[in-house]
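Enquirer: Protein chains in written order, with this note's numbering: chain A, 1 to 385; chain B, 386 to 619. Following this message is one structure expressed as structure tokens.
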Amino acid sequence: MELIKLILRNTLRQRLRATLTILGMAVAILAFCLLRTVVDAWYAGVSAASPNRLVTRNAVSLIFPLPISYRQKILQVAGVSQVAYANWFAGVYIDERHFFPRMAVGPETFFDLFPEFVIPQDQLKAFQKERNACIVGRKLVQKYGWKLGDTINLTGNIYPGDWQFVLRGVYSGATKTTDETQFFFRWDYLDEVLRKNMVHRSGYAGWYVVRIRNPFDSGAISQSIDALFKNSWAETLTETEKAFQMGFVAMTDAIVMAVRIVSFVVIAVILLVLANTMTMTARERMSEYAVLKTLGFGNRFLFLLISGESMTIALLGGMLGMALAFPVAHVFGKEMSTLLPVFHIHWKTLFFATTLSLAIGLLAAAFPTWRAARMRIASALSHVG
Amino acid sequence: MTENKSSLAPPPIVQVENIYKSYRRGSQEISVLRGINLAITEGNFVALMGPSGSGKTTLLNLIAGIDRPDEGRLLVAGTDITRLGELDLARWRAHHVGFVFQFYNLLPVLSGLENVELPLLLRDLTRKQRREHAMLALELVGLQDRVHHYPRELSGGQQQRVAIARAIVTDPTLIVADEPTGDLDKTSATEVLALLEQLNQEFSKTIIMVTHDPRAAEKAKEIHHLDKGVFNNN
Ligand SMILES: Nc1ncnc2c1ncn2[C@@H]1O[C@H](COP(=O)(O)OP(=O)(O)O)[C@@H](O)[C@H]1O
Ligand SMILES: [Mg+2]
């Protein structure tokens with residue numbers, strides 16, 4: 001108790017110095033949290049991937065589609081429980097800046113495979129009944145102020161023409177990490193229009209999503225699926241959903257690595273700043289430490305005294321930084337919602353930031369504690385006189 | 386000018402036997418104490434005098450167990466403190482020595498009362514007992530009205546009285562004071578000296594005091610002159 005009192009009073013002794021260090025620490029932890037959240041957001045698709053989903057696509061490139069007839073064949077493979085399919089529609093809403101993912105999906109099975117998209121039963125039924133219905137993520141609906149029954153106009157680019165869809169359902173994410181900015185409409189509607197205008201492009205799926213019974217069989221099942229279409233004119237490549245999602249972000253790995261490194265550089269810098277502050281503080285108090293030692297207090301007490309102060313500063317700064325991270329992330333997430341639709345501070349980030357704060361506090365105290373421990377009382381006291 | 390008032394003296398509480406101490410400064414070795422012998426009886430009040438740099442503080446620090454001699458033995462209350470390890474020596478200091486410094490050396494973030502309580506944190510006492518002991522010590526030095534003042538709110542003389550309260554609160558075997566009046570005005574110095582004298586006479590505290598000031602030394606029962614590392618007691 002007395003020790004804690006002493007630590008707190010010591011912390012408040014050089015108010016300006018302590019305040020500035022705490023603010024520095026807060027900024028560093030804020031930056032750390034945001035940078036980590038950016039990385040998390042970048043990999044949101046990867047971490048949302050389910051281990052019991054595989055994705056089958058054209059072996060040459062995702063640009064080339066696969067015949068819709070493949071679905072029945074894939075369903076026959078042992079261990080496969082359901083198969084859905086989708087096409088990347090792209091298109092433009094208002095103008096290019098209003099980006100959100102737009103996909104044509106098989107209406108019967110797609111949402112079965114993605115339980116993380118939570119849709120009210122009646123809305124799903126309405127979607128399955130109406131050819132040009134669409135289901136849209138909650139965030140997107142909020143952003144554009146759409147209401148059920150509204151008509152949404154898209155201009156096609158991969159699939160040219162003017163497209164109209166009626167909003168029949170709104171999905172919300174089962175977890176915070178579910179992307180709520182996607183736009184789904186019916187594959188059979190797309191195909192129907194294509195049959196009229198571009199018949200050679202009808203009858204294809206962009207990729208298949210395959211649900212398997214046992215995630216541990218994913219390797220074998222992937223091989224079986226790809227074997228089915230070996231030597232056909234459209235060979236397939238099947239991989240886990242995670243690997244598939246990873247393919248999208250892999251090319252940015254270097255950038256993500258850079259962001260990660262920067263987040264730790266920030267931490268290293270603040271560690272040096274705090275270590276410097278504590279070294280300065282301890283040097284000024286060396287004669288007090290000498291008095292404490294004279295009275296019989298040991299190095300353990302000095303360690304607790306110095307590291308206690310250091311950790312108090314680090315933790316106060318860390319908590320302030322984490323508290324600030326929420327409003328900042330909120331604004332940031334809103335601004336970046338098209339690029340990084342899932343922007344949430346993960347509890348792991350907070351846990352990590354707290355641990356780091358404590359570690360910084362402890363490490364920053366190491367050098368001054370060592371000096372105080374090594375100090376010889378008689379010479380430290382003679383500095384006073 | 387050594388003068389022992391009782392001829393049937395009890396065995397000394399402090400026995401300094403053939404102490405040598407030198408410091409290195411760069412490549413130079415400075416011999417500070419060269420074969421010091423001294424015996425101090427229990428309840429004595431000893432003044433160590435001598436010119437600046439003669440080794441008074443060094444000797445006091447050795448007796449108080451905050452420095453170690455190069456050679457010789459230091460027996461305090463029967464313990465050869467030169468043989469104690471770092472931890473044991475710290476524990477020994479906490480139990481046997483009360484310190485009074487020239488510049489008071491109170492912790493500025495603690496009130497007078499809290500400063501006096503500080504050495505009691507190393508004792509097995511309840512908070513209430515600590516408080517009681519500390520209040521008693523502060524009463525003894527006449528500062529019962531200022532116990533919640535911080536050092537910066539006290540005069541030099543008052544701070545030194547708090548320091549004396551801190552030195553006696555553990556009821557030590559020995560009180561060591563290094564120029565306790567060196568930083569005080571005349572009135573405060575007189576008060577502090579009177580207090581030390583009272584501790585010696587009324588409570589039979591053994592006191593070793595380093596001083597420059599002949600008026601301070603007058604209060605002592607015994608005076609030793611140190612010059613160039615040896616006693617010069619003629
Ligand atoms: N820690 C130390 N390191 C080096 N030299 C010291 C140290 N402490 C004291 N000295 C030297 O030892 C001599 C005696 O010092 P000290 O005991 O403080 O003298 P006094 O208290 O009599 O003035 C001085 O020359 C001083 O410079
Ligand atoms: Mg001295």
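Even for Gly, the Cβ is constructed at its ideal location relative to N, Cα and C.
Report the residues of the stretch 485-496 of chain B with a CB closer than 9 Å to any CB of chain A, ordered along the chain.
Expert: Per Cβ criterion, the list reads F486, Q487, F488, N490, L491, L492, P493, V494 and L495.
Enquirer: How long is the line joining the alpha carbons of T387/B and E607/B, rounded to whole angstroms?
Expert: Annotation note: pLDDT 48 at T387/B (below 50); position unreliable, coordinate value reported separately. Near 6 Å, if we compare the C-alpha coordinates of E607/B and T387/B.
Enquirer: Secondary structure at Y289/A, three-state DSSP: helix, strand or coil?
Expert: Note: Y289/A maps to helix in three-state DSSP.
Enquirer: Beta carbons nearer than 9 Å to chain B: which residues of the stretch 330-344 of chain A have them?
Expert: From the stretch 330-344 of chain A, no residue has a Cβ closer than 9 Å to chain B.
Enquirer: So if I threshold CB-CB distances at 7 Å, which residues from the stretch 448-459 of chain B count as touching chain A?
Expert: Under the 7 Å Cβ criterion, the stretch 448-459 of chain B contributes I451 and D452.
Enquirer: Going along the chain, which unbroken runs of the alpha helix (DSSP H) with 4 or more residues stay wholly within the stretch 59-92 of chain A?
Expert: With a minimum length of 4 residues, the continuous alpha helix (DSSP H) runs that stay inside the stretch 59-92 of chain A are 70-76.
Enquirer: Should K406/B be listed as close to ligand 2, given that the test is whether its C-beta is under 6 Å from any heavy atom?
Expert: Checking the Cβ of K406/B against ligand 2 gives no.
Enquirer: With a threshold of 7 Å between beta carbons, is A574/B in contact with chain A?
Expert: So, not an interface residue.
Enquirer: In the DSSP assignment, find the beta strand (DSSP E) that holds Q400/B and state where it starts and stops.
Expert: From DSSP, the beta strand (DSSP E) with Q400/B extends over V399 to R410.
Enquirer: Looking only at C-alpha atoms, which of D112/A, A44/A and T181/A sits nearest to Q245/A?
Expert: Of the listed residues, the one whose Cα sits closest to Q245/A is A44/A.
Enquirer: Express the C-alpha separation of T312/A and L8/A in angstroms, rounding to a whole number.
Expert: For L8/A and T312/A, the distance between alpha carbons rounds to 8 Å.
Enquirer: Let me check understanding here. Comparing Cα to Cα, which of S416/B, E402/B, E471/B and E603/B lies closest to S439/B?
Expert: Measuring from the Cα of S439/B, the nearest candidate turns out to be S416/B.
Enquirer: Going along chain B in order, which residues have a C-beta closer than 7 Å to the C-beta of A378/A?
Expert: Going along chain B in sequence order, the residues near A378/A (Cβ under 7 Å) are N446, I451 and D452.
Enquirer: In three-state terms, what does DSSP make of Y489/B?
Expert: Coil at Y489/B, not helix or strand.
Enquirer: Where does A268/A sit, in a helix, a strand or coil, going by DSSP?
Expert: Of the three classes helix, strand and coil, the one that applies to A268/A here is helix, per DSSP.
Enquirer: Can you tell me the Cβ-Cβ gap for E564/B and H610/B, rounded? I've got them flagged as a contact below 8 Å.
Expert: That belief does not hold up - the Cβ atoms of E564/B and H610/B are roughly 15 Å apart, past 8 Å.
Enquirer: Just to be sure I understand the criterion: a residue counts if its Cβ is closer than 5 Å to at least one heavy atom of ligand 1. Which residues meet that?
Expert: Here the list is S379/A, Y408/B, V417/B, S437/B, G438/B, S439/B, G440/B, K441/B, T442/B and T443/B.
Enquirer: Given that L295/A touches chain B, what residues does it touch there, using C-beta distances under 7 Å?
Expert: The contacting residues are A479, L503 and P504.
Enquirer: Tell me the DSSP bridge mates of D465/B?
Expert: L460/B.
Enquirer: Run through the DSSP bridge pairs and tell me what Q413/B is partnered with.
Expert: Per DSSP, R410/B.
Enquirer: CA-CA distance, V547/B and D465/B?
Expert: Those two C-alpha atoms are separated by around 30 Å.
Enquirer: For S50/A, collect the residues of the same chain with a Cβ closer than 7 Å to its Cβ; drop the 5 residues on either side in sequence, then sort them by chain order.
Expert: Excluding residues within five positions, the ones whose Cβ falls inside 7 Å are E241.
Enquirer: Span of the beta strand (DSSP E) holding R508/B?
Expert: Premise fails: R508/B is in no beta strand (DSSP E) and is neither H nor E.
Enquirer: Can the beta-carbon of T566/B be found closer than 7 Å to that of A522/B?
Expert: Going by C-beta atoms, T566/B is not nearer than 7 Å to A522/B.
Enquirer: Between D162/A, K129/A and C134/A, which lies nearest to Y171/A when the distance is taken from Cα to Cα?
Expert: The candidate whose alpha carbon is nearest that of Y171/A is C134/A.
Enquirer: Which one of A552/B, T558/B, P493/B and L507/B has the shortest CA to CA distance from E284/A?
Expert: The shortest Cα separation from E284/A among A552/B, T558/B, P493/B and L507/B belongs to P493/B.
Enquirer: Measuring only between beta-carbons, confirm whether V291/A sits less than 7 Å from chain B.
Expert: Yes, its Cβ sits closer than 7 Å to a Cβ of chain B.
Enquirer: State the start and end residues of the unbroken alpha helix (DSSP H) segment that holds Q544/B.
Expert: Residues G541 to I553.
Enquirer: When you compare only the Cα positions, how much space is there between V253/A and E335/A?
Expert: Correcting the residue identity first, residue 253/A is Asp in this sequence and not Val. When rounded, the distance between both Cα atoms is 23 Å.
Enquirer: Residues bridged to F114/A by DSSP?
Expert: Paired residues: none, contrary to the question.
Enquirer: Which value, in whole angstroms, describes the spacing of the CA atoms of R453/B and R476/B?
Expert: If you take the alpha carbons of R453/B and R476/B, they lie about 15 Å apart.
Enquirer: Determine the direct distance from the alpha carbon of M25/A to that of V384/A, and round the result to whole angstroms.
Expert: Because the pLDDT of V384/A is 45, which lies under 50, any placement of that residue in the model is unreliable, and the number read from its coordinates should be weighed accordingly. Distance between the alpha carbons of V384/A and M25/A is about 33 Å.
Enquirer: Within 7 Å of any Cβ in chain A, is that where the Cβ of L507/B sits?
Expert: Yes - at least one Cβ of chain A is within 7 Å of the one on L507/B.
Enquirer: Interface residues of chain B around G298/A at Cβ under 7 Å?
Expert: By Cβ distance, chain B contributes L472 and A475.
Enquirer: Is it true that the CB of D568/B sits closer than 7 Å to the CB of G542/B?
Expert: Cβ distance not < 7 Å, so G542/B and D568/B don't count as in contact.
Enquirer: Rounded to whole angstroms, what's the CA-CA distance from E22/A to N10/A? Just pull it up for me.
Expert: It is Ile, not Glu, that sits at residue 22/A in the sequence shown. Distance between the alpha carbons of I22/A and N10/A: 14 Å.
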